[in-house]
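The numbering of the sequence shown is our numbering, which starts it at 3 and goes up by one.
Quick notes on the structure that follows.
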Amino acid sequence: MARMFGTDGVRGVAGSELTIDLAMKLGQAGAYVLTKETEHQATIIVGCDTRISGGMLANALMAGICSVGANAIFVGVMPTPAIAYLTRMHKVDAGVVISASHNPMEFNGIKFFNGEGYKLSDELEDEIEALIHSNMDGVTLPTGSGIGKVEYRFDMAQEYINFMKKTVPVDLSGMKIVIDCAEGASYHTSVQTLKDLGADLVAIHVNPDGTNINANCGSTHMDELKARVAAEKANVGLAFDGDADRMLAVDETGALVDGDQIMAICGNYMKEKGTLAKDTIVVTVMTNLGFTLMGEKQGIHIEKTKVGDRYVLENMRENGYNIGGEQSGHVIFLDDNTTGDGLLSALHLLQVMVDSKKKLSELASVMEVLPQALVNAKVPNDKKEIFMEYHEVAEAIQKLEEKFNGEGRVLIRPSGTEPLVRVMIEGKNQKEIQREAENLADLITKIIV
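Next comes the structure, spelled out in structure tokens:
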């Protein structure tokens, strides 16, 4: 049986894979596992992104939470990192976000934070899953006054906005910024924060209707933002994903500035200021080879983990590092928040621009981005972990590794949230690596059925 939890919670098509029944059971089991050690009546904060299925799933989840005697506070549409912050600040027992992040609108997901605002360990997720599979065996459901209640608090977005402004109080007066909120959870919080800090703001994709989240917009579709930055003659463009835990930027020329470059810019600034813990940045194996070369040149140690911001965070916490993240724009500033935070990343990046008085294109040149080709191969969900067991696939990968040895690298991995195997090839010739990546992805799609 495939594991219910992926790298970022439980995901699936809302209504068919992620059903109201499953949401209720996740509420029950999650609340029970995360609060069973408490002697008081537990409280869990719940928020969602702008998907049409958010309300349906939130109500089912909260029914489950209340059925085991815990209380739920529903805060409505809220960025994922805001839930992590509010969970910590209000000293509640856990937080839950209903979101499928950058995925299309028909998907949704359920992600838990513990009382300290951190994503759950694999062990806790396995415990929740086991309890669901056992049909809550051994759990006595309360009745009468023992049942939990739901409280609605739609004012908490302002608390997160205030926290952001206090954490990075950068003066953005005179700076023209275009932001793309992906018709997602940041459509209010990011706009309000940047305006309050004095930015001359042009906001696009800030009219969510439940079905347009991530639709040709946000950090997974950057073309419109690039064009708009150029047209507006803006200093910078910022793009968030659906739940606003990631951010990618566009410089004043309309060129993409990805998560690797953002970490390079902010990491070097922190090193100059003496605030880069142990002169180290934590990244994943998917990070561009140019980032490693930048680290060698700048005297910054680059620590690598497997793919997934949870593994980056794990490494940071274990070893006392304070910045890390992924090329996709998940960047964690651990001194400030416990998870990737798109708005926080944006403010730190803007602070470097303001303090250095340099254009973003100049700051981004601190690292050379080597060409990468990333192609997705569609495979059945139950077979994506075993692609190396197919002889033809393993042989093709080996041949490619031999071909690119010393001049690039080949990295193949299953997606943590979708029925895909991701093929990434890095090298010097973009056309060649793109062709090889597409050929390998085609082979994987044909063979693994």
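Even for Gly, the Cβ is constructed at its ideal location relative to N, Cα and C.
Quick caveat: nothing in here was measured; it's all calculated off a predicted structure.
Beta carbon of residue i nearer than 8 Å to that of residue j
i      : j      : result
Val12  : Gly78  : no
Ile47  : Thr89  : yes
Asp253 : Ala366 : yes
Ala184 : Phe242 : yes
Val356 : Gly326 : no
Gly66  : Ala33  : yes
Val423 : Val354 : no
Val377 : Gly261 : no
Gly310 : Gly418 : yes
Leu346 : Leu174 : no
Gly244 : Ser101 : yes
Glu438 : Ile450 : no
Phe76  : Tyr154 : yes
Asn324 : Phe335 : yes
Gly119 : Val94  : no
Asp10  : Gly186 : no
N- and C-terminal bounds of the alpha helix (DSSP H) containing residue i
i      : result
Ile450 : Run containing Ile450: none; DSSP gives neither H nor E here.
Tyr87  : Thr82 to Met91
Asn270 : Gly261 to Lys275
Val478 : Residue coverage of the chain in this structure runs from 3 to 451, which leaves residue 478 outside it and unanswerable.
Ala159 : Ala159 to Thr169
Arg415 : No alpha helix (DSSP H) contains Arg415, which is instead part of the beta strand (DSSP E) from Arg411 to Pro416.
Glu320 : Asp311 to Asn321
Gln374 : Here Gln374 belongs to no alpha helix (DSSP H); instead the beta strand (DSSP E) covers Gln374 to Lys380.
Ile47  : Note, Ile47: premise wrong, no alpha helix (DSSP H); beta strand (DSSP E) at Thr45 to Cys50.
Candidates the options, of which the one nearest residue i by Cα
i      : options                           : result
Thr282 : Glu305, Cys268 and Phe293         : Glu305
Gly97  : Met80, Pro106, His104 and Glu298  : Met80
Val2   : Leu199, Gln160, Gly150 and Tyr154 : There is simply no residue 2 to check, as the chain begins at 3 and stops at 451 in what is shown.
Pro416 : Lys308, Ala232 and Ser330         : Lys308
Ser221 : Ser103, Thr142, Asp211 and Gly297 : Ser103
Met166 : Gly344, Ile388 and Lys433         : Gly344
Leu122 : Ile446, Thr341 and Lys385         : Thr341
Lys405 : Ile435, Gly146 and Tyr313         : Ile435
Lys113 : Asp247, Val451 and Val259         : Asp247
Ile179 : Phe7, Leu227, Arg424 and Gln432   : Leu227
Pro144 : Gln30, Glu370 and Ile134          : Gln30
Tyr87  : Gln160, Pro373 and Asn383         : Gln160
Gly212 : Val170, Gly57 and His190          : Gly57
Thr169 : Asn383, Val99 and His350          : His350
Neighbour-count burial assignment, residue i, 16 or more Cβ in a 10 Å radius
i      : result
Ala74  : buried
Val2   : Because the chain in this structure spans residues 3 to 451, residue 2 falls outside the shown range and cannot be described.
Asn321 : exposed
Phe156 : exposed
Ile388 : exposed
Lys27  : buried
Asn209 : exposed
Ala55  : In the sequence as presented, Ala is not what sits at residue 55; that position holds Ser. Buried.
Ala444 : It should be noted that the sequence gives Asp, not Ala, for residue 444. It is exposed - the Cβ of Asp444 has fewer than 16 other Cβ atoms within 10 Å.
Gly140 : exposed
Ser188 : buried
Arg5   : exposed
Ala72  : buried
Limits of the unbroken beta strand (DSSP E) element including residue i
i      : result
Val333 : Val333 to Phe335
His303 : His303 to Thr307
Thr286 : Thr282 to Thr286
Cys68  : Taken as a continuous stretch (DSSP letters only), Cys68 belongs to no beta strand (DSSP E), being part of the alpha helix (DSSP H) at Gly56 to Ser69.
Asp243 : From DSSP, Asp243 is part of no beta strand (DSSP E); its letter is neither H nor E.
Asn116 : Phe109 to Asn116
Ala205 : Asp202 to Ile206
Arg424 : Leu422 to Glu428
C-alpha distance - residue i paired with residue j, whole-angstrom precision
i      : j      : result
Ile302 : Asp338 : 21 Å
Thr40  : Leu291 : 46 Å
Ile267 : Leu278 : 12 Å
Leu59  : Met390 : 36 Å
Val152 : His92  : 16 Å
Ala251 : Val259 : 5 Å
Asn214 : Met107 : 7 Å
Thr142 : Val70  : 8 Å
Ala16  : Ile22  : 8 Å
Ser363 : Thr255 : 7 Å
Val204 : Asp225 : 16 Å
Asn218 : Ser147 : 48 Å
Ser192 : Ile181 : 8 Å
Ile149 : Leu133 : 20 Å
Leu126 : Val35  : 8 Å
Glu370 : Pro421 : 32 Å
Glu457 : Gly8   : Since the first residue shown for the chain is 3 and the last is 451, residue 457 is missing from the structure and cannot be characterised.
Met64  : Ile130 : 16 Å
Gly410 : Lys273 : 29 Å
Residue i CB to nearest heavy atom of the ligand NAP below 7 Å
i      : result
Glu305 : You won't find the ligand NAP in this model; it holds no ligand whatsoever.
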